[in-house]
Structures are given as structure tokens and as C-alpha cells.
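Numbering (our numbering), first residue to last: -3 to 161. Some notes on the structure that comes next.
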């Protein structure tokens, strides 16, 4: 696991740089990055019942999972910002972005999880597949709730009485 640990700081620096370039805001970057650890809930929930070890290959899966969850969060938060720039209030933008992006995010997560099923029974790749499937499923569902809620909290958005269509 030392080879992975050696490049993780560089990976984090590059990820932060790319996310900052995309989001152009420290607060938006914070919202996007806070989603990453939530996938660990699904990783544990998948590895424990399957009996798969959290070894080298599973950790590779967790690293890939972090990228998937951050991508989902970027898609959602970027849509909020696009809607805000078009004139919607922050509350309306969060509501509409969550509604508009939920289906594509859920479908791509389902496709990624289903694609891992063939390797899940293999001895070498199985732990990675279980870690990724559990993390993608749980992390995606949690992201769709947590990222908008965190956005509202970080930007101190007050709720509105009604949502326009």
C-alpha cells in the first residue's frame, strides 16, 4: 500500500487544483469535496456482508469511488450555479438543479454499479468491485441529499414559501 500512499498527496493537490479551476470558489470547492467521504458508508456496508477484505485492490476501488462521487457533486453544484446565473434565486436553483440532475446521476451510478457485477465474484478484483458498488450506490443517494443541503447551509440560503416551475 506504500505505492498508493506515496502518490496520494500529489493526487489530492491535482484534484483540488482542477476543482478550484472548475468551481472558481473556495466555498463551492468545499461543498464538492465534502461529499467524497460519504461513499465510505457504502464501502463498509458492502465489504462487511460480502466478507471481502479492505486490501490493496479495494483501496484502489475507494480511490476511484472518490472521483465518481466528486464528479456527481460537481455536476449537481455546477447546475445550481448555472441556474443562479440565469436569474433564479439560490433556493429555486438548488431545487431545480436537484430535480434536473438526479435522474442522470442515478442512471450513471446504476450503470457503473451494474458494470462491476461480472468481476465481483473474482478473487482478485472482487473486493474492489464490492467496495465500488457499495460506495457508488450509497454515496450517490447521499450526495443527492447532502450536497444541496450543504450548499444551502454554506451559502446561508433562506427557504422560500413556494417553488416556481
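Each residue gets a CB set at the ideal place from its N, CA and C atoms; glycine is no exception.
Beta-carbon separation (whole angstroms), residue i vs residue j, contact threshold 8 angstroms
| i | j | result |
| --- | --- | --- |
| residue 107 | residue 151 | Contact flag wrong, Cβ pair sits at about 32 angstroms. |
| residue 42 | residue 143 | Residue 42 to residue 143, Cβ: 21 angstroms. No contact. |
| residue 139 | residue 68 | 5 angstroms |
| residue 75 | residue 98 | About 10 angstroms; that fails the 8 angstroms criterion. |
| residue 61 | residue 131 | 4 angstroms |
| residue 70 | residue 28 | 6 angstroms |
| residue 135 | residue 34 | 5 angstroms |
| residue 105 | residue 133 | 7 angstroms |
| residue 79 | residue 89 | 4 angstroms |
| residue 30 | residue 148 | Actually they do not touch by this definition, with Cβ atoms about 13 angstroms apart. |
Where residue i sits in the DSSP three-state scheme
| i | result |
| --- | --- |
| residue 48 | coil |
| residue 153 | coil |
| residue 137 | helix |
Assigned exposure category for residue i - 16 Cβ within 10 Å defines buried
| i | result |
| --- | --- |
| residue 83 | exposed |
| residue 45 | exposed |
| residue 91 | buried |
| residue 119 | exposed |
| residue 100 | exposed |
| residue 23 | exposed |
| residue 117 | exposed |
| residue 141 | exposed |
| residue 124 | buried |
| residue 64 | buried |
| residue 32 | buried |
| residue 4 | exposed |
| residue 66 | buried |
| residue 38 | buried |
Endpoints, alpha helix (DSSP H) assigned at residue i
| i | result |
| --- | --- |
| residue 8 | -2 to 19 |
| residue 117 | Where residue 117 is concerned, there is no enclosing alpha helix (DSSP H), given that its DSSP letter is neither H nor E. |
| residue 31 | Taken as a continuous stretch (DSSP letters only), residue 31 belongs to no alpha helix (DSSP H), as it is neither H nor E. |
Alpha helix (DSSP H) runs contained entirely in the segment 49 to 112, provided each spans 4 or more residues: 52 to 81 and 86 to 111
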